[in-house]
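Just so you know, we're using the numbering used here here: the sequence shown kicks off at 1 and counts up by one.
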Amino acid sequence: MKYIDLRNQYILERTIGSGGFAKVKLATHVLTGEKVAIKIMKKATLGEDLPRVKLEIDALKNISHQHICKLFQVIETSSHIFMVIEYCPGGELLDHIVERQKLGERESRIFFRQILSAVAYLHHLGYAHRDLKPENVLLDKNQKLKLIDFGLCAKPEGGLESQLQTSCGSPNYAAPEVIKGKQYYGSETDVWSMGVMLYALLCGYLPFDSESIDQLYDKILNGKYSEPTWMSAGSRQIIRSMLQVEPGKRIKIQDLLDHSWVKRTPEDRPVNFRPDHVLHEKDDDVIRAMSDHKGLTPNELWSQLNEWNYNYDTCTYLLLLTRKKQGLPLRLNPTEFTRKYRSRQQ
Ligand SMILES: Cn1cc(Br)cc1C(=O)Nc1[nH]nc2c1CN(C(=O)N[C@H](CN1CCCC1)c1ccccc1)C21CC1
1 MKYIDLRNQY
11 ILERTIGSGG
21 FAKVKLATHV
31 LTGEKVAIKI
41 MKKATLGEDL
51 PRVKLEIDAL
61 KNISHQHICK
71 LFQVIETSSH
81 IFMVIEYCPG
91 GELLDHIVER
101 QKLGERESRI
111 FFRQILSAVA
121 YLHHLGYAHR
131 DLKPENVLLD
141 KNQKLKLIDF
151 GLCAKPEGGL
161 ESQLQTSCGS
171 PNYAAPEVIK
181 GKQYYGSETD
191 VWSMGVMLYA
201 LLCGYLPFDS
211 ESIDQLYDKI
221 LNGKYSEPTW
231 MSAGSRQIIR
241 SMLQVEPGKR
251 IKIQDLLDHS
261 WVKRTPEDRP
271 VNFRPDHVLH
281 EKDDDVIRAM
291 SDHKGLTPNE
301 LWSQLNEWNY
311 NYDTCTYLLL
321 LTRKKQGLPL
331 RLNPTEFTRK
341 YRSRQQ
């Protein structure tokens, strides 16, 4: 299927994911040669899911964190919405756990600290993810974790109607209050889901699982799950504090950041949720590399970039910024026009 609106900007490659109302394809950003993931949605089939897509886009535009998949560009046509997002070549955390059966306590802690950092950052901004599960956590090329799928996230303070995730796979990670269909739920629901994920990291299977959905609901509402004999006292304790049926009794995310089990690293440091860069930061090297290429002065270019329209230039800028952070050269492939223009110059 050819998408004419992406021509010249991206070369589409294989499909790497397909969900209910969207498909994700691997693509190459032509100007930088960098790999990206493009989430493609047909407006006609989105129907009542359209507001969720708008929610995800608006949320991602305000989010910039080292453990959250970055939005680079949004393309809207009469028939489609395309979201150009950071590509993670390591695939889903779920597959990583299944491959390894289970991860040791040390590796689980390293991963859990990254998830905790991303979720604490979201809560700091007033968002709740509300669909945390290992399928929604990807591994990038440095084996760092990246959170994705913000279609259900909301600003609970905004009192947004909570669409129960009916169309979102199994509710194994859903908290009791979500199962009960309670109208508003916020950040404490994410803490429950993180407890389920930590259990899955350490054990390689789920704390609440069953063939029948009703039995699964009963297990979740009772909050009863088995603790393997080999599980350490520290792991049992932190999981128990997250898998409290009563939201009010559940550990707060601030207390998780500084929890003794979370800090049991050689450096014994609490988790820092702050992004390692500012949102919409200005970088003169990247601006210079782009302005040469576009025949604009750096100031002219920055005044356009600083509108953050999430167009092709936004994507080029953010991709070059990522390259710079990895110490890679800031090169831009000449486009057809510049190639012909330069050849005429000779
Ligand atoms: C699975 N896999 C294997 C390799 Br190698 C790379 C990947 C991979 O998915 N990489 C990747 N990078 N960036 C992304 C992805 C996948 N991806 C996704 O957004 N993937 C999600 C996966 N969800 C998990 C539960 C339901 C669907 C998705 C959402 C809608 C439709 C299809 C897929 C993004 C764009 C953010």
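Beta carbons are placed, not taken as given, at the ideal position from N, Cα and C, and that holds for glycine.
Since we're looking at a predicted model, the values are computed, not measured.
- At least one heavy atom of ligand 1 falls within 8 Å of the beta-carbon of Asn136.
- For Leu321, the uninterrupted alpha helix (DSSP H) run begins and ends at Tyr312 to Lys325, by DSSP.
- With distances taken between CA atoms, Ser241 lies nearest to Ser193 out of Asn272, Glu48, Gly91 and Ser193.
- Here Gly195 is buried. Its C-beta has 16 or more other C-beta atoms within 10 Å.
- Gly204 carries a coil assignment under DSSP once its states are collapsed to helix, strand and coil.
- When C-alpha distances from Pro266 are compared across Val178, Ile110 and Pro228, the shortest belongs to Ile110.
- If you keep only unbroken alpha helix (DSSP H) runs of at least 4 residues inside the region 11-92, you get 43-46 and 50-61.
- In this structure, the CA atom of Asp49 is about 8 Å from the CA atom of Phe21.
- Comparing alpha carbon positions, the residue from Leu279, Asp131, Glu281 and Lys325 closest to Tyr173 is Asp131.
- DSSP, reduced to helix, strand and coil, places Val137 within a strand of the structure shown.
- Under the three-pair Cβ rule at 8 Å, the region 28-48 does not count as touching the region 111-125.
- Secondary structure within the region 208-294: the alpha helix (DSSP H) runs of 4 or more consecutive residues, fully enclosed, are 213-222, 233-242, 253-257, 260-263 and 284-294 (chain order).
- At a threshold of 8 Å, Leu26 counts as near ligand 1, since its beta carbon sits closer than that to one of the ligand's heavy atoms.
- About 6 Å separates the CB atoms of Leu138 and Ile148; that is less than 8 Å, so the two are in contact.
- Residue side-chain check: Gly91 places its Cβ nearer than 8 Å to a non-hydrogen atom of ligand 1.
- Pairing Gly91 with Gln143 gives a Cβ-Cβ distance that is not under 9 Å.
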